[in-house]
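Only one structure is covered here, and it is reproduced in the block below.
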Amino acid sequence: MTVTHDHTHAEHRQSFITRWIFSQDHKVIGIQYLMTSLLMAAIGGFLSMLIRMQLGFPTWNFYWAQWLFPGGFADFKMKPDFYPAVVTMHGTIMVFFVLTTALSGGFGNFLIPLTIGARDMAFPFLNMMSYWLYPPAIVILLISFLVTGGAAAAGWTAYPPLSALRNAVPGSLWGQTLWLVSLALLIVGFLFGSLNYITTVFNLRARGMTMSRLPLVTWAQFLTAILMLLSFPVLFAAVIMLLFDRHLGTSFFIPSGLVVGSQLVTHQGGNPILWQHLFWFLGHPEVYVLILPPMGIVSEILSNNSRKPIFGYTFMVGSLSAITFLSFLVWGHHMFTSGMHPLVGTAFMVTTLLIAVPSAIKVFNWLATLWRAQIRFTSAMLFAIGFVSLFVTGGLTGVFLASPAVDIYFQDTFFVVAHFHFVMASAALFGLFAGTYHWFPKMFGRMMNERLGKIHFWLTFVGIYATFYPMHFAGTAGMMRRIFSTTQYEFLRGLAGMNMFISVAAFGLGIAQLIFAYNFINSWIRGPKADRNPWKSNTLEWQTESPPPHGNWGAHEPTVHRWPYDYSVPGATDDFIPQTVPAVPAVSGAAVDESDGKPT
Amino acid sequence: MSNLSEHYSPATGRRLGLLIIIMVAIGGVLTTFWAKTRWWFPPVASRHGADVDQLITTTFIVTGFVFFFVNLALGIFVWRFAAAREERAIFWPDSRTLELSYTLVPTAILITLISMGAVTWARVHSPVPRNALRVEALGQQFAWTFRYAGPDGAFGRTAPRFVSRQNPRGMDQSDAAGRDDIIVSELRLPVNEPVVVLIRSSDVIHSFFLPNFRVKQDAVPGMTTQFWFTPTRRGNFELACAELCGVGHYIMRGRVVVDTKAAVDAWLADQSH
Numbered sequence: 016m017t018v019t020h021d022h023t024h025a026e027h028r029q030s031f032i033t034r035w036i037f038s039q040d041h042k043v044i045g046i047q048y049l050m051t052s053l054l055m056a057a058i059g060g061f062l063s064m065l066i067r068m069q070l071g072f073p074t075w076n077f078y079w080a081q082w083l084f085p086g087g088f089a090d091f092k093m094k095p096d097f098y099p100a101v102v103t104m105h106g107t108i109m110v111f112f113v114l115t116t117a118l119s120g121g122f123g124n125f126l127i128p129l130t131i132g133a134r135d136m137a138f139p140f141l142n143m144m145s146y147w148l149y150p151p152a153i154v155i156l157l158i159s160f161l162v163t164g165g166a167a168a169a170g171w172t173a174y175p176p177l178s179a180l181r182n183a184v185p186g187s188l189w190g191q192t193l194w195l196v197s198l199a200l201l202i203v204g205f206l207f208g209s210l211n212y213i214t215t216v217f218n219l220r221a222r223g224m225t226m227s228r229l230p231l232v233t234w235a236q237f238l239t240a241i242l243m244l245l246s247f248p249v250l251f252a253a254v255i256m257l258l259f260d261r262h263l264g265t266s267f268f269i270p271s272g273l274v275v276g277s278q279l280v281t282h283q284g285g286n287p288i289l290w291q292h293l294f295w296f297l298g299h300p301e302v303y304v305l306i307l308p309p310m311g312i313v314s315e316i317l318s319n320n321s322r323k324p325i326f327g328y329t330f331m332v333g334s335l336s337a338i339t340f341l342s343f344l345v346w347g348h349h350m351f352t353s354g355m356h357p358l359v360g361t362a363f364m365v366t367t368l369l370i371a372v373p374s375a376i377k378v379f380n381w382l383a384t385l386w387r388a389q390i391r392f393t394s395a396m397l398f399a400i401g402f403v404s405l406f407v408t409g410g411l412t413g414v415f416l417a418s419p420a421v422d423i424y425f426q427d428t429f430f431v432v433a434h435f436h437f438v439m440a441s442a443a444l445f446g447l448f449a450g451t452y453h454w455f456p457k458m459f460g461r462m463m464n465e466r467l468g469k470i471h472f473w474l475t476f477v478g479i480y481a482t483f484y485p486m487h488f489a490g491t492a493g494m495m496r497r498i499f500s501t502t503q504y505e506f507l508r509g510l511a512g513m514n515m516f517i518s519v520a521a522f523g524l525g526i527a528q529l530i531f532a533y534n535f536i537n538s539w540i541r542g543p544k545a546d547r548n549p550w551k552s553n554t555l556e557w558q559t560e561s562p563p564p565h566g567n568w569g570a571h572e573p574t575v576h577r578w579p580y581d582y583s584v585p586g587a588t589d590d591f592i593p594q595t596v597p598a599v600p601a602v603s604g605a606a607v608d609e610s611d612g613k614p615t
Numbered sequence: 013m014s015n016l017s018e019h020y021s022p023a024t025g026r027r028l029g030l031l032i033i034i035m036v037a038i039g040g041v042l043t044t045f046w047a048k049t050r051w052w053f054p055p056v057a058s059r060h061g062a063d064v065d066q067l068i069t070t071t072f073i074v075t076g077f078v079f080f081f082v083n084l085a086l087g088i089f090v091w092r093f094a095a096a097r098e099e100r101a102i103f104w105p106d107s108r109t110l111e112l113s114y115t116l117v118p119t120a121i122l123i124t125l126i127s128m129g130a131v132t133w134a135r136v137h138s139p140v141p142r143n144a145l146r147v148e149a150l151g152q153q154f155a156w157t158f159r160y161a162g163p164d165g166a167f168g169r170t171a172p173r174f175v176s177r178q179n180p181r182g183m184d185q186s187d188a189a190g191r192d193d194i195i196v197s198e199l200r201l202p203v204n205e206p207v208v209v210l211i212r213s214s215d216v217i218h219s220f221f222l223p224n225f226r227v228k229q230d231a232v233p234g235m236t237t238q239f240w241f242t243p244t245r246r247g248n249f250e251l252a253c254a255e256l257c258g259v260g261h262y263i264m265r266g267r268v269v270v271d272t273k274a275a276v277d278a279w280l281a282d283q284s285h
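Chains as they are written, first to last, in my numbering: chain A, 16 to 615; chain B, 13 to 285.
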């Protein structure tokens with residue numbers, strides 16, 4: 016261990032600033048990441064309300080919105096040039112600044128050392144640096160609402176030349192530059208983090224914690240870190256190249272012979288498709304960066320609250336690994352209509368549909384985990400079950416989009432919007448909620464209010480389906496993404512009523528999140544004290560105090576004797592056996608194989 | 013100190029199970045049938061579009077079954093296995109047979125879908141018929157214009173170095189083949205005749221989207237993409253831009269008229285005067 020016993024007592028000498036602000040403690044950093052992400056979620060969620068206002072009630076007057084965004088509204092109605100900026104910022108914030116940071120930065124930081132029995136991350140200083148690149152990135156991103164031309168407006172995918180040429184769209188004036196700088200900072204933070212996670216999992220596991228005893232939540236974080244480490248540098252390079260194109264006169268992405276805003280463009284010889292390849296080489300692994308950690312979180316919570324071992328641990332690890340590998344080979348399915356050679360499309364269809372196999376294995380394993388369980392309905396469990404339903408619903412529409420001939424029609428329609436809001440956005444959000452309800456006692460030493468948690472679940476689960484399910488039909492009717500208004504097209508005439516319904520559902524969904532915010536803050540301040548192991552869980556983080564002290568384990572680091580899923584072992588006195596319990600004494604009657612802790 | 017017994021609630025299991033079964037499994041299927049009567053694909057008007065629709069229908073049926081039964085199973089399990097406090101869950105960590113079966117069955121289904129998809133995709137992108145009418149579509153913020161080859165049947169040469177504000181296509185004025193080229197703001201196509209649209213952009217990326225014809229192909233500056241299809245119905249149709257292209261993305265609408273070959277030829281002759 017790199018962190019010695021003496022270090023654990025160092026906390027008494029720490030000032031407020033080194034303890035809570037520039038902290039090198041993985042738990043504090045994880046909580047910082049989580050709280051900052053939740054604040055960003057409020058902003059990103061608010062932007063989605065603006066989107067729904069415009070699509071559902073385009074003729075209404077929104078006085079307060081004009082007061083809030085004097086540049087974005089005129090006559091109390093949204094201006095067409097503000098809409099793409101709102102859409103762009105909503106997507107960017109939610110994908111990079113909420114889900115990635117909360118699930119990987121927040122839960123990854125908090126859980127990895129605790130679940131493997133380490134005292135901290137391998138590189139605590141690097142870990143602190145990783146977090147402290149995030150607030151400046153936020154400031155730079157949000158300031159872009161105030162600069163000339165407003166925030167970036169080329170979509171979260173930032174396709175050049177729209178994002179490269181300053182007069183192509185108002186947001187390309189200065190907002191896009193800030194967007195790129197902000198993203199570059201954030202990416203560096205992600206790389207610091209992921210490097211740290213991988214090293215920590217390899218080197219700092221407690222005695223007895225073999226890789227085959229690693230909880231699935233840790234496996235998921237470990238594989239996510241590999242994904243991030245290998246894919247984010249590609250986006251980083253692309254971001255720098257686009258900055259060069261914008262400000263230093265290079266032409267990576269801008270071809271010859273363009274006329275934009277009545278001006279001849281002087282760039283020559285670039286290719287806009289290159290950006291798409293680079294962007295999606297990150298962009299697709301990125302959606303798995305968002306969904307692998309929830310898969311791990313949900314596996315943990317389902318098993319714990321079913322009082323059963325997770326079904327098919329080996330296949331679960333195998334399918335996580337298969338998804339990690341395959342996710343690097345599917346990026347082209349975002350580009351079926353971009354003008355790639357059709358044969359390339361066929362190849363990407365094959366890899367994309369293949370990635371559905373490990374996803375299916377996971378779903379069936381979760382179902383099998385519930386089979387003949389004794390289900391406890393904690394708020395975390397409700398969200399975990401909701402996750403499975405959302406993931407199935409969203410995953411299946413992926414089968415349409417994976418097939419290029421079908422994708423010809425659906426590409427860039429609301430069908431895609433519905434698809435990813437189920438499979439990646441809502442499902443990941445459910446993973447985030449489930450994880451928060453589950454690990455809140457360990458993070459803050461207090462219990463969340465379960466009654467409010469359940470109300471939050473019912474409203475959110477119904478709200479998500481009411482909001483996003485109808486979007487499939489908007490997509491089948493042909494409604495394009497990112498359009499300010501549907502009134503220009505005859506074939507979209509019939510959608511006004513549906514869009515109004517979706518907006519009302521979305522507002523309800525948004526308001527329901529206030530319950531969570533209240534519950535979170537209120538429980539943090541005055542929730543009932545949590546004991547060490549309120550959910551009767553096996554994994555290591557529950558065997559120390561809530562919240563764990565600096566250095567996590569007191570004087571002695573834990574020794575691991577078994578896998579994390581010994582729930583309801585026949586003959587055992589309790590229906591759970593923590594990983595720290597030696598194999599023999601806890602189990603009477605069942606013979607136990609010492610190597611994996613399962614009964615033979 | 014928490015009280016875990018409050019979470020052992022068969023009533024919650026019933027409620028959640030029923031919600032998943034009624035709202036998701038049954039509700040999801042029924043609303044889809046309902047949507048079919050109100051918000052569905054615009055009527056198909058191209059030959060390959062019928063193939064694409066067939067593939068979409070098949071995919072709807074396959075995924076619909078999986079959607080219904082998996083959500084149904086989830087609902088039933090949640091209802092059925094809500095805890096009764098005195099009992100203990102079974103210890104069932106693994107079953108290779110079960111896992112292999114739900115690895116291999118989805119694989120088989122997906123391979124079937126891959127094969128069907130590959131066939132349709134190959135048909136959509138089969139070689140352009142030699143007799144196909146050639147039209148060039150140019151996307152610009154925020155309108156589409158079209159170029160027909162004119163009586164000589166050949167497009168005039170274009171190159172980036174000729175591009176100017178007045179000449180966004182970059183047409184070479186010295187090329188005789190370009191003199192009779194016809195540039196118009198709507199697309200007229202003969203019914204039941206193959207057409208290949210050569211798609212270009214002179215500023216940012218647009219996407220050439222003909223909902224009724226099941227055609228979508230990006231207009232990428234610096235390159236020419238193409239899509240060939242055969243309109244099968246006469247009438248007026250809409251052309252949309254499907255890729256975010258700036259402030260006016262939502263108004264980048266075009267008009268497509270499909271008529272008899274004679275009528276289209278007559279119209280073209282009119283335009284070249």
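C-beta: ideal position from N, C-alpha, C; glycine also.
Nearest-angstrom Cβ-Cβ length linking residue i and residue j, presumed shorter than 8 Å
{"i": "Tyr328(A)", "j": "Phe398(A)", "result": "Not confirmed; about 22 Å, so no contact."}
{"i": "Asn182(A)", "j": "Gln283(A)", "result": "So it is not a contact: roughly 18 Å between Cβ atoms."}
{"i": "Leu195(A)", "j": "Leu258(A)", "result": "5 Å"}
{"i": "Thr115(B)", "j": "Ile376(A)", "result": "6 Å"}
{"i": "Gly87(A)", "j": "Ser145(A)", "result": "Contact doesn't hold; Cβ gap of about 33 Å is too wide."}
{"i": "Thr595(A)", "j": "Leu555(A)", "result": "7 Å"}
Environment of residue i [buried if 16+ CB atoms lie within 10 Å]
{"i": "Ala120(B)", "result": "exposed"}
{"i": "His571(A)", "result": "exposed"}
{"i": "Met226(A)", "result": "exposed"}
{"i": "Ala161(B)", "result": "buried"}
{"i": "Gly165(B)", "result": "exposed"}
{"i": "Thr233(A)", "result": "buried"}
{"i": "Arg261(A)", "result": "buried"}
{"i": "Trp35(A)", "result": "exposed"}
{"i": "Leu30(B)", "result": "exposed"}
{"i": "Phe351(A)", "result": "buried"}
Chain A within 8 Å of residue i, Cβ atoms only
{"i": "Leu86(B)", "result": "yes"}
{"i": "Met35(B)", "result": "yes"}
{"i": "Thr43(B)", "result": "yes"}
{"i": "Gly25(B)", "result": "yes"}
{"i": "Ile68(B)", "result": "yes"}
Proximity test, Cβ basis, 8 Å: residue i and chain B
{"i": "Gln594(A)", "result": "no"}
{"i": "Glu465(A)", "result": "yes"}
{"i": "Arg577(A)", "result": "no"}
{"i": "Gln528(A)", "result": "no"}
{"i": "Val431(A)", "result": "no"}
Cβ-heavy atom distance, residue i to the ligand SAH, below 7 Å
{"i": "Phe84(A)", "result": "With respect to the ligand SAH, the structure offers nothing, as it holds no ligand at all."}
Beta-ladder partner(s) of residue i, from DSSP
{"i": "Met495(A)", "result": "Thr428(A)"}
{"i": "Val209(B)", "result": "Val147(B), Phe239(B)"}
{"i": "Leu222(B)", "result": "Val227(B)"}
{"i": "Cys253(B)", "result": "Phe220(B)"}
{"i": "Ile195(B)", "result": "Arg159(B)"}
{"i": "Ser58(B)", "result": "Pro243(B)"}
{"i": "Val270(B)", "result": "Leu201(B), Gly247(B)"}
query: Of all the residues that make up the segment 230-253 of chain B, which are near chain A by a beta-carbon distance shorter than 8 Å?
result: Asp230, Val232, Pro233, Gly234, Met235, Thr237, Glu250, Ala252, Cys253
field: Where the segment 103-114 of chain B meets chain A: residues whose CB sits under 8 Å from a CB there
entry: Phe103, Trp104, Pro105, Asp106, Ser107, Leu110, Glu111, Tyr114
message: Can you pull out the residues from the segment 266-285 of chain B whose beta carbon lies closer than 9 Å to at least one beta carbon of chain A?
response: none
field: Proximal residues, the segment 262-275 of chain A versus chain B, C-beta separation under 9 Å
entry: Ile269, Pro270, Ser271, Gly272, Leu273, Val274, Val275
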